[in-house]
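J.: Those letters in the sequence shown? Residues 117 to 322, per my numbering, in order. The C-beta atom is built at its ideal place from N, Cα and C for all residues, glycine as well. As the structure is a computational prediction, the values presented were derived from the model and not from experiment.
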Amino acid sequence: MIMMTVLCIILGYLLGSIPFALVIGKLFYKTDIRQYGSGNLGGTNAGRVLGKKAGISVIVLDVLKVVLAAGLASLVSEPAAIWTSLACCIGHCYPIFAHFKGGKAVTTMFGFLISTSIFIFQEFSYFLVPLFMFLIILYLFKYVSLGSICASVCSSLYITAQLLSLDVNNLFIILASWLMTLLVIYRHNANIKRIQEGTENKVSWL
Numbered sequence: 117m118i119m120m121t122v123l124c125i126i127l128g129y130l131l132g133s134i135p136f137a138l139v140i141g142k143l144f145y146k147t148d149i150r151q152y153g154s155g156n157l158g159g160t161n162a163g164r165v166l167g168k169k170a171g172i173s174v175i176v177l178d179v180l181k182v183v184l185a186a187g188l189a190s191l192v193s194e195p196a197a198i199w200t201s202l203a204c205c206i207g208h209c210y211p212i213f214a215h216f217k218g219g220k221a222v223t224t225m226f227g228f229l230i231s232t233s234i235f236i237f238q239e240f241s242y243f244l245v246p247l248f249m250f251l252i253i254l255y256l257f258k259y260v261s262l263g264s265i266c267a268s269v270c271s272s273l274y275i276t277a278q279l280l281s282l283d284v285n286n287l288f289i290i291l292a293s294w295l296m297t298l299l300v301i302y303r304h305n306a307n308i309k310r311i312q313e314g315t316e317n318k319v320s321w322l
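#1: Let me check understanding here. Comparing Cα to Cα, which of Val269, Ile118, Gln278, Val165 lies closest to Phe237?
#2: Tell me whether the stretch 218 to 225 and the stretch 191 to 210 touch, counting them as touching only if at least three CB pairs, one residue from each stretch, are closer than 8 Å.
#3: Pick helix, strand or coil for Glu239, following the three-state DSSP scheme.
#4: Can you round the beta-carbon distance between Phe226 and Val179 to whole angstroms, since I take them to be within the 8 Å contact cut?
#5: Would DSSP call Gly263 helix, strand or coil?
#6: For the alpha helix (DSSP H) containing Thr223, list its first residue and its last residue.
#7: Might you give, ordered along the chain, the residues of its own chain that have their beta carbon closer than 7 Å to the beta carbon of Asn156, omitting 5 neighbours on each side?
#8: Count the C-beta pairs between the stretch 157 to 168 and the stretch 181 to 197 that are closer than 8 Å, then say yes if the count reaches three, no if not.
Pasting the structure below:
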C-alpha cells in the first residue's frame, strides 16, 4: 500500500508538471508565454497574453490533470488521493518538464478542491464554498491572486471545521489542505507585495 501511494504521488507530480500553457502557446500561437506578461505558466497569464479562449483552455486542462491524478490514486486509498492531488499542484508550480518554473497553483488548487469533493468527501460544498469566496473577491477587486489566496484559506478553514477530530485520515486531509494553502500563499508572495503597492495586474479578459 505504501509503495502504491508513493507511485501515485510520483505520477501526480509528473502529471502536474505538464505545462499546458506552454504547450498551447507554442502549438497554436507560436508563442512562449514565459516571455510575456508575468511569465508564469498558468491560466491567468495565458489568458492575458494569448486571449480568453487560450486562458480558458489552459484552466480546464490544468484542473483536469489534478482530477485525473486524484481519480487514479483514489483507487488505492483516500490518503493517496489527497497527497497525489497535492503533488500534482506542486508539479504544476515546479514542473520538471519546464525547468521547475511553472504556475502559481490557482487552477490546480481548484482541481484539488474538485478532486477532494468527488473522491474523498462526496460532497460538493467543499468545492463550492471556496469557489464562492473566489468569485466574490474577484468581482470586488479583480485580482485573481487575492481571490485565490482567500479561496484557499476559506477551503482549509472549512475542511478543518468539518473534519477536526482525532481520526488519522481526517488529520491527513486537514494537513494536506493547509499545505495546499501555504503553497498558494507562497507562490503569490510577489503578488501580495504588488497589491500592497497598488501595481498588481487586474483581470481584463474574463
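T.: This is what the structure holds:
#1: Gln278
#2: yes
#3: Of the three classes helix, strand and coil, the one that applies to Glu239 here is coil, per DSSP.
#4: 6 Å
#5: helix
#6: Membership of Thr223 in the alpha helix (DSSP H) is indicated by the continuous run 222 to 232.
#7: Here the set comprises Gly219, Lys220.
#8: Cβ pair count under 8 Å is below three, so no.
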